[in-house]
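J.: Dropping a structure here in structure tokens format, bear with me for questions.
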Amino acid sequence: MRMLPAAADRLRAYAQAQGLTLCDVVESWALSLPEASPH
């Protein structure tokens, strides 16, 4: 399964381009999930 590592690399590259850490990206993604939203 090569799709997962490729997606992770793309996410990491995106994070670096934005000046973020991978944790920041994952955190913001998790916050955008409906289950995590306060309302």
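Sequential numbering from 1 applies to the sequence shown in the numbering used here. Ideal Cβ placement from N, Cα and C applies to all residues, glycine included.
1) Using three-state DSSP, classify L20 as helix, strand or coil.
2) What is the rounded straight-line gap between the Cα of T21 and the Cα of A7?
3) State the Cα-Cα distance for the pair A16 and P5, rounded to the nearest angstrom.
T.: Let's see:
1) Numbered from 1 along the sequence shown, position 20 holds the residue referred to as residue 20. Three-state DSSP puts L20 in coil, outside helix and strand.
2) On the sequence shown, residue 21 is found 21 positions in, with the first residue counted as 1. On the sequence shown, residue 7 is found 7 positions in, with the first residue counted as 1. For T21 and A7, the distance between alpha carbons rounds to 15 Å.
3) On the sequence shown, position 16 is the one that residue 16 refers to. On the sequence shown, position 5 is the one that residue 5 refers to. Contrary to the premise, residue 16 reads as Gln rather than Ala in this sequence. Taking the straight line joining both Cα atoms gives about 16 Å.
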